[in-house]
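S.K.: Residue numbers (my numbering), protein chains in the order written: chain A, 1 to 357; chain B, 1001 to 1357.
Here's a structure for you.
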């Protein structure tokens, strides 16, 4: 037990501690500036050298404020400006813009770390994957839960049989979006920018992808329900959504997401012999609750906030670029989530179960 | 806050503290003898005067062991034996036998407290309701959550707007049935005795009914999945089951149940402004977790075990017989759960959503 606690944060994925990846950050919203940028600066293998935004002025101002070498505009980025100064791009723009930046990055032979969901639609996500494969540039989708220690330890425990055979999964991710960003015209509520919708694309994806990662199984079918009642959600179908997935081996997963509800993130895996509960699950400071027989154990790890999760994620990505190991959440992995999300929306629209290819 | 804590156990439903209801207990399994019988003995308004079982010998032996006046056989009960010695019956037999005991009790003009689910099928449940209505005998279905203080306080908080508008509900009820009762031939796995199946009839009903009670809303449609893999579950479709309900006002509820999994009971209601979490929820010792804004409150109440819940339930029933107020979980209320459970099974069988009448 002492060994287990002392090795709780261990990076079992690490293959190298040598080298530096220089990043251009594209899309300078609060997440990129307040979370991703300091995470890279704290990381072992990364540094930020270029910021890319709508105008040279905005990019330069933010570069200066954050001690970054250079700020350039989206147009300048597409023209190849400052391309000697970075090795990889981090794409943190609204979903529907990921493809165009990935295309330019691929032309410039840069590695790509792209936020999830990887694009607005399956077709565009397929183009993104094919672009990177043709250009032979590394592509990773930014699933920060994969490198959170609580999720990693949970995954090992499940593989070791801690819960017996998995039976059912509960995922929940809700937040009061309009209180967090009090703007009814924000991109997450605009299907041209967000894609299929808002609560599954932005929140439900955490439950879906983390379950795929933990169980090493994929969903094969889904039934779902969606509704938008509040006027700010008029253009998207899923102010709130709920889904019932069947995963491989008959594991049943139920999931709720809402962009207009009290904040809560929760992932619970019940097996024949035990249970693993992650709560909070997806906003950093992930707590791990383990039950087996009559014994329950809670592992709190509050220092590990969203920025620390991102630091691990950037070092994982850099490790894959500098070392030899393969990227687990690659373009094909992210594309599967896009197919799953499309099926969730299709099921809600058609009012029937939909098989997932 | 002091007032609220001091009145936590208050019986807001109570109308009288005068009188005694004398019970005949029918079906002497462990629940009846180890939980229901001592609950009545501890209650204010009840006493057990007759035990009814398969043979006079078994009934008499258990009567003697438990200081009860008389033990009679099922046949003797149907013949009206000892009918001057009790005012009401508690029916705790396997589901498919409820109707025949209710019919005799109604003929004998006795009030009926019937375990849930109220019968094996909707048709038989309808006959049970009609029998009691024709004979004009009171019928209550034994939903002990309705009189649990945690559930009562949660219901008041929801009505007072604590969670804002309800958005989604998560219900879960799982147990390792074959470890609890190591007999593959037990009645809960025999559809002739249990009815539509096992995990929804026996466990999922808690999530469904408690949500109806808490939200004062009913489900209008359901989509579900069921599977039985273990050989002991060959005759029932739902060793594990999961459902997605839409309730009135677009409230979405997701629910999982399993008779072959680690024990866990959980009911969580998420609203626009807050959240109420009952965990454990359904096996007594119900804890109430309240969240609103940044504040979380946990109310533990460990002394309130399943026997105390049953004591409240029996006193509620007696209060309704001795006083003037109406029974909330009456036959029509229980019948609606049967219709919901039938729809859950129909949806799983047909692989499509089913409307609930």
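Don't be surprised by glycine CBs; every beta carbon is placed ideally from N, CA and C.
(1) Which residue wins for smallest C-alpha separation from residue 173 (chain A), given the options B:1268, B:1243, B:1342?
(2) Measure the Cβ-Cβ separation of residue 1305 (chain B) and residue 1331 (chain B) and say whether it is below 7 Å.
(3) Apply the 10 Å Cβ neighbour rule to residue 1159 (chain B) and answer buried if 16 or more other Cβ atoms are within range, or exposed otherwise.
(4) Give the residues of chain A in contact with residue 1146 (chain B), contact being defined as C-beta atoms less than 7 Å apart.
(5) Tell me which same chain residues have a C-beta within less than 7 Å of the C-beta of residue 307 (chain A), skipping the five on either side of it?
(6) Applying the 10 Å Cβ sphere with the 16-neighbour rule, what's the burial state of residue 1341 (chain B)?
(7) Using a Cβ-Cβ cut-off of 7 Å, state whether residue 1216 (chain B) counts as contacting chain A.
(8) Report buried or exposed for residue 208 (chain A), applying the criterion of at least 16 other Cβ atoms within 10 angstroms of its Cβ.
(9) Report, in whole angstroms, the separation of the C-beta atoms of residue 1236 (chain B) and residue 1228 (chain B), which I expect to be a contact under 8 Å.
(10) Looking at the structure shown, is residue 1336 (chain B) part of a helix, part of a strand, or coil, going by DSSP?
(11) Please go through the segment 171–244 of chain A and give each complete alpha helix (DSSP H) segment of 4 or more residues, from N-terminal end onward.
(12) With distance defined between alpha-carbon atoms, name the residue in B:1302, B:1175, B:1221, B:1111 nearest to residue 1322 (chain B).
(13) At which residues does the beta strand (DSSP E) containing residue 1296 (chain B) begin and terminate?
(14) Is residue 1243 (chain B) near the ligand ATP, going by C-beta to nearest heavy atom under 6 Å?
(15) Could you pull out every residue in the same chain whose Cβ sits closer than 7 Å to the Cβ of residue 1212 (chain B), ignoring the five residues on either side in sequence?
(16) When you compare the CB positions of residue 89 (chain A) and residue 105 (chain A), do they come within less than 7 Å of one another, or not?
(17) Using a Cβ-Cβ cutoff of less than 6 Å, which residues in the same chain neighbour residue 9 (chain A) once the five nearest sequence positions on both sides are dropped?
(18) Whose C-alpha, out of B:1052, B:1066, B:1063, is nearest the C-alpha of residue 1081 (chain B)?
(19) Could you give the residue range of the alpha helix (DSSP H) that holds residue 35 (chain A)?
(20) Determine whether the Cβ of residue 1297 (chain B) lies closer than 7 Å to any Cβ atom of chain A.
(21) For residue 1027 (chain B), return the contacting residues in chain A, with the cut-off set at a CB-CB distance below 9 Å.
(22) Quick one: Cα of residue 108 (chain A) to Cα of residue 83 (chain A), how far?
(23) Can you list the residues of chain A that residue 1087 (chain B) reaches, using a CB-CB cut of under 8 Å?
(24) Helix, strand or coil: which one does DSSP assign to residue 1273 (chain B)?
(25) Beta-carbon separation of residue 1196 (chain B) and residue 1254 (chain B) under 7 Å?
(26) Note the first and the last residue of the continuous alpha helix (DSSP H) segment covering residue 1145 (chain B).
(27) Nearest to residue 337 (chain A) by alpha carbon, out of A:265, A:125, A:96, A:42?
(28) Can you find at least 3 beta carbon pairs, one from the segment 339–357 of chain A and one from the segment 1283–1297 of chain B, that sit closer than 8 Å?
(29) Say whether chain A places a C-beta atom closer than 7 Å to the C-beta of residue 1212 (chain B).
(30) Have a look at A:258, A:71, A:135 and flag the residue whose alpha-carbon is nearest the alpha-carbon of residue 102 (chain A).
(31) Strictly below 8 Å CB to CB, what residues from chain A border residue 1261 (chain B)?
(32) Taking Cβ positions only, does residue 122 (chain A) come closer than 7 Å to chain B?
(33) Please compile the residues from chain B whose C-beta is within a distance smaller than 9 Å of the C-beta of residue 199 (chain A).
(34) Short of 7 Å in beta carbon distance, which residues of its chain neighbour residue 1249 (chain B), apart from the five on each side in sequence? Order them along the chain.
(35) For a test of the three-state rule: what should DSSP assign to residue 1 (chain A), helix, strand or coil?
M.R.: If we stick to the structure as given:
(1) B:1268
(2) no
(3) exposed
(4) Neighbours of residue 1146 (chain B) on chain A: none; closest Cβ ~25 Å, over 7 Å.
(5) 35, 38, 39
(6) buried
(7) no
(8) buried
(9) 6 Å
(10) helix
(11) 177–180, 191–194, 205–215
(12) B:1111
(13) 1295–1299
(14) Summarising the ligand content, the structure contains no ligands, and the ligand ATP is consequently not present.
(15) 1218
(16) yes
(17) 149
(18) B:1052
(19) No alpha helix (DSSP H) holds residue 35 (chain A); DSSP gives it neither H nor E.
(20) no
(21) Within 9 Å Cβ-Cβ: nothing; residue 1027 (chain B) doesn't reach chain A, min ~29 Å.
(22) 7 Å
(23) Those do not exist, as residue 1087 (chain B) stays about 41 Å from chain A at its closest Cβ, beyond 8 Å.
(24) coil
(25) no
(26) Segment: none, residue 1145 (chain B) is in no alpha helix (DSSP H) and carries neither H nor E.
(27) A:125
(28) no
(29) no
(30) A:135
(31) 167, 168, 270, 271, 272
(32) no
(33) Correct list: empty, because the minimum Cβ distance to chain B is about 10 Å.
(34) 1217
(35) coil
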